[in-house]
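See structure below.
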Amino acid sequence: MAGKSVKLYKHKHPLAYLNVIPFLLVYSYLIYLYYITPIPITDIVNSNSTITVNTTAATELSSGDGSGEGVVDQGSLDINDTSVNNTTESGVAGKEDDIQVEFNLHIFLIALTVCLQAVSILFNYWSVNYRCYNTMTPVNDIQSATYAKVTPTSHKGAPQLCAINRDRSSSTSSPSASEQQVSIEFQKKKLVYNHEKKQFEKVKFNIPVNISEMVDSNVVRGYQTKQEIEIATMQYGRNRLDIPIPSFLSLYKEQAIAPFFVFQVFCVLLWCLEDYVVYCLFSLFMLLVFEATVVKSRISNLHSLRDMSTKPSYLIYVYRENQWIQINTTEILPGDLVSIGRGANEAQSTIPCDMILLSGGCVVNEAMLTGESTPHHKESLRDRQSSADMQQFDFKNDKIHILYGGTQIVQHTPSEKLSRISKSPDRGCLAYAVRTGFNTNQGRLMRTIWFSSERVTANNKESFLFILFLLMFAIAASVYLFNKGFEEKNRSKYKLLLNCIMVITSVVPPELPMELSLAVNNSLISLIRLGIYCTEPFRIPFAGKVDICCFDKTGTLTTDDLLLQGIASCPAKHHISPTSSTPAAAASSSSSTPTSKEAMNDIDLDLDDPNYLAKPENLDDTVQFILAGCHALVVIDNNLVGDPMETAGMKSIPWTCKGDKSVSNKKGVSVEVMHRFHFSSDLKRMGTICNVIYSSNFTQSTYAFVKGAPEIMKPFYNQDRLIDNYDESFKKYSRQGSRVLALGYKRLESGLNPSQLKSISRESVESNLEFAGFIIFDCPVKPDSKRSIEMLTQSSHKIVMITGDNSLTACHVAKQLNLMDPAKTTLILNGEQQKWISVDETISLDLEPQNAQHIAQLDKQYNLCLSGQSMGLVYDNSLFNSDLCLIRVFARVSPEQKQLILSNFKSNGHFTLMAGDGTNDVGALKQAHVGVAILNKGEFKPAPEMNIRQMMQQASHQAKMRKQNPAQAAQQAQEMAKKMQEEYEVKMVKLGDASIAAPFTSKSSAVLPITHIIRQGRCTLVTTFQMYKILALNSLITAYGLSVLYLQGVKLGDTQATISGMLIAFCFLFISTSKPLMSLAKKRPNPNLFSPYMMFSILLQFALHLSCLIFIVNQSHIREPNAKPDPDSPFSPNLLNSAVFLISNAMQVATFAVNYKGHPFMQSLFENKPLLYSLSFVWGLGLVLASEMIPDLNQFLELVPFPDSQFRFYMMMAIITDLVGAFIIEKVCSALFKN
């Protein structure tokens, strides 16, 4: 199974789980230790008893008979002796401390074991691999297996443990009739076990490969028995796209056991044990609310997805058991013969599954899959069943015959009657169902939206290495803390171990996934406002790393509105006088149009002019026949729909298109298309067989019309009558940037019936053609193409054009757009001669396949262009493999070659972007890191964004309304809240907005959205990296604070910790909402988290923060040398705590302000007003507190008065120095490591 790995497992016995027996043994051992460890409580009791006894004896002796023997000297034992009492009390107290320490240590070890066991249980949910290792046993035999672990390819979803289903199958394809069908369901797709190959495979649909079999009613005749229907139903399932919607509570439970959420809650509990109750409650509340919003968003997205999938079912005719019957569309099975057509409403016009059109014709709107609103003409297999060159059906190349599920039938032509199958009652087209449910193209797109919607998370290699780097510092600090703390006998070992754990956990910021999710979500929202939809959000940061941008030419850089300039090099016999009437002569003759000598003499001067372009109306009917009959246009609601080039050609002649197969003029001549050989990107040509009918004399002639790329068409012409300057003629117009097609025709034998005409092979049609000239189209570039290309070039991107058009045309357009250096000569590699030849053919250089520097040397002097024909000379040469990116234009390349070019760029370490039209460029769009399907839907007007000022104005208006009309104010407030929620909520991409071809889809026909995607990508990438950097510095400072400062008694108050936590949370929120700049900077962001700049900047800033912190701590010790509060005691304000709180807040402000990247990738700090105001307020507040300007405020924040003015001065200078110093370090590092 390509792209997936599957391993078989069966359940272990529960006692064999790793989290059962080992932990039971640990619990037993700890309990055993608890009861056998001698706790000196007995000694304490004995001491008390002894004192009591002695005292009693003394009393008795003193009250005895007075004899000297019984009298005890009062001086020798004073019951009230304070020394005795103190000693005893201290002894008792010491023993009680021992008991408490011993008790806490046991409880701590048991609690730690419980936590570890809980984590080991949760790991079963977090990691499929661990769950398999812990609870499953690998097996090789499918019969003993109960589960299968499926691991998809990267970014195609997470690994999944799938239950194995076994069903009895009597399918003839099984090795034995009694063999069970073994299957699993992975990502809503059924995978069936192949007993011979011993592997799981996709469900195989019983589709005849040979086209003649598919249209043979003896082979394809639907299901004949109920048993066949039952077997097929079991094998393929129902034709539905089921999207289950879990309850809020079940989804919340799933979110609550996610690893980072558990870790966040664990960190909150640790701080709670340190008596930070308010801070912990605040943090926990924020976590729970955030997770609730995530769950709500997930449910909303699932509802949207289900709304897309649950189209209303309807009754449809299928041919079963030798008769037409009506069934629900959900009951269609692969292999059914279906009658499909345009229904009474939109629902009944929706194609229920993927089908192959066997008979009849359809015009289909595929906007739901491709995003393109232009309808496509679909032809039946019967129209090409006898074509010798296309006997094998290919799903990739024969899309002209495939009806895709979810698309709309705009119009249809009823099918013909087949030999053994009667016509359907509803007179629809006959189609063969091939794929149903999630196996359809619509199902594939929905699964992509559903399962590929990964966000940028901390779960990648660079993130783990970065956290590992920080972990080294934390472990060092934790070891230092443990060693120093253990030396102090009176220190609580429980508290010591608690703080060691807190130090280690501090390097894994629990808010990291939340912040990364916010950054990506904001980018998604911004892109949607610009009409750009993304089905794979994990690719957004890739857009920030892009260094090569590849563009298709036609429809992407140039417009689809082609202008027909005329016909060039048309043989003289086809010209008529411009002053004469349009060719009525041909209407009275079935032969080719003769031209009078007089008429020819009138235009001799024009024909001798090499630049002469004849208008179609000045040419005879033969040329007009080619334009009228060689096309695939259709008429929908009186509008001509189809390829822009064919539309321009049809509009240039005085003919009327009456349907997809009939064209006529006012003189009573009509052209009927009897058979089409559709245009193919690989063949670069198309042809038709047409009957030309003359109504004036009731005669008809049969022609073959062909058009295609000039260099491809040349061998098909009658070489004896081909013009001498054939190559020079079409190259001249190609050099001018025009699109050139060569026209050809030939007369066929008359009197053949439609079946005989359809049996004529393509080879026969395309042989010995008569040359009819070159049709020249002007293909203007889009208005914004040049500006967009210049923006991308100036922002340090390499621009490459990859097109199926002619090399000369492509080079001209590239020069127009400054994609090539205008000062350099352009060389095109000629594959046959193995020479680099200039566009004007004045320079010819040999290809040097043994010189590894050959292309690099040429690139310094010339612009290089490679055609599809010659691409193998460079692509297959290992010496040139890494230099393919130096080629500026790839022309006349097939869709497969486009994909190979992108694959080469990626394998050589480049980050690629591909922009195309989403039809011919599917492979390349999927291959690129960032694929963008540009839909030609005109201009898209971005949705206005509600800014802060608007929100404040609306809030002020609400306050006034509340006084005047409370009910209306409440309603408006509710509407405003809903609008704000929609404004900042990421909506799931809908079908029709996204193209199945690419992860990004632009609804605008302009090229400018490419720059928007890159701007958002750079902003997201920089935001992500600066979050890592800020969190790293905060983690390092926290690790120091929890270790060294903890030993010195530094401990923040609950209010102080809450304020610090709120500061960090709001600052991260404001960073994640940063907007990119409107222009692209020349500098590209650093694509790697591990870089010299990042490491030096973090370490140097940490050194500065540490120095300021140590300086303030030392100044506090100088002023209070004997003050060393007990870190295990409750918080009590003192000078050291107050000073550390102020400098710590200042360091946090400096960390955010200095490491906020801003220009040139996103808003500067001064443009990000919420962040600027927050940081300015907190930093200014720190100075106010340090200067003690408002004593009551200091008291509220649990700060003690400072001892002298010098200490206040030192505090303020440390705050200022920390900010300025960090700023200087950041600028110096940026300058030193700018490359």
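According to the UniProt record's numbering, the sequence shown is numbered sequentially starting from 1.
Think of the CB as a built atom: it goes at the ideal place given N, C-alpha and C, for glycine as much as any other residue.
A residue is called buried when at least 16 other Cβ atoms come within 10 angstroms of its Cβ; L305 meets this threshold and is buried. Non-local beta-carbon contacts of I723 in its own chain, meaning distances under 8 angstroms to residues more than five positions away in sequence, involve S569, P571, S729 and F771 in chain order.
Under the three-state reduction of DSSP output, Y27 falls in the helix class.
In the structure shown, the three-state DSSP call for D883 is helix. DSSP, reduced to helix, strand and coil, places V295 within a helical segment of the structure shown. Restricting attention to beta strand (DSSP E) runs no shorter than 3 residues, the segment 653–689 encloses them at 655–657, 662–665 and 669–680, ordered along the chain. By the C-beta criterion, the segment 1073–1083 is judged to be in contact with the segment 788–799, since at least 3 inter-stretch pairs fall below 8 angstroms. Judged by DSSP in its simplified three-state form, T137 adopts strand. The C-beta separation of F282 from G1061 comes to about 6 angstroms, placing the pair in contact by the 8 angstroms criterion. Here I799 is not near L829, since their CB atoms are 9 angstroms or more apart. Beta-bridge partners assigned by DSSP to D167: Q181. Judged by DSSP secondary structure, C1019 falls within the alpha helix (DSSP H) whose first and last residues are L1008 to L1047. Counting only the Cα atoms, S144 lies some 15 angstroms from D167. Assignment of beta strand (DSSP E) within the segment 247–334, counting only whole runs of 3 or more residues, yields 315–320 and 323–328 in chain order. Looking at the backbone, the Cα of L1036 and that of N1155 are separated by about 15 angstroms. Fewer than three Cβ pairs drawn from the segment 313–324 and the segment 283–292 lie within less than 8 angstroms of each other, which leaves the two stretches out of contact. Non-local beta-carbon contacts of L18 in its own chain, meaning distances under 6 angstroms to residues more than five positions away in sequence, involve N134 in chain order. Taking C-beta atoms as the reference points, R238 and G437 count as a pair closer than 9 angstroms.
Here L15 is exposed, its C-beta having fewer than 16 other C-beta atoms within 10 Å. Cα atoms of A1153 and L1033: separation of roughly 13 angstroms, rounded to the nearest angstrom.
Residue state for F1233 is assigned as coil, using DSSP reduced to three classes. In this chain, the alpha helix (DSSP H) harbouring L627 covers D621 to G629. Annotation for F1233: P1092 and Y1093 place their beta carbon closer than 6 angstroms to its own, counting only its chain and skipping 5 residues before and after.
DSSP, read as helix, strand or coil, puts M871 in helix.
About 12 angstroms separates the beta carbons of P1201 and R1119, which is beyond the 8 angstroms limit, so they are not a contact pair. Relative to the Cα of R240, the nearest Cα in the group L879, F108, L1099 and I351 belongs to I351.
DSSP places Y9 inside the beta strand (DSSP E), whose first and last residues are S5 to H11. Taking C-beta atoms as the reference points, M355 and I402 count as a pair closer than 9 angstroms. Here DSSP, grouped into helix, strand and coil, assigns E1226 to helix.
Here Q323 is exposed. Its C-beta has fewer than 16 other C-beta atoms within 10 Å. Per DSSP, the beta bridge partners of G361 are E379 and T413. In the three-state scheme derived from DSSP, where H, G and I count as helix and E and B as strand, P14 is classed as helix. Non-local beta-carbon contacts of Q736 in its own chain, meaning distances under 8 angstroms to residues more than five positions away in sequence, involve H812 in chain order. For secondary structure counted as the alpha helix (DSSP H) over 4 or more consecutive residues, the segment 1128–1195 holds these complete runs in sequence order: 1135–1155 and 1169–1187. N691 has E672 and T702 as its beta-bridge partners, per DSSP. By DSSP's assignment, N830 forms a beta bridge with K835.
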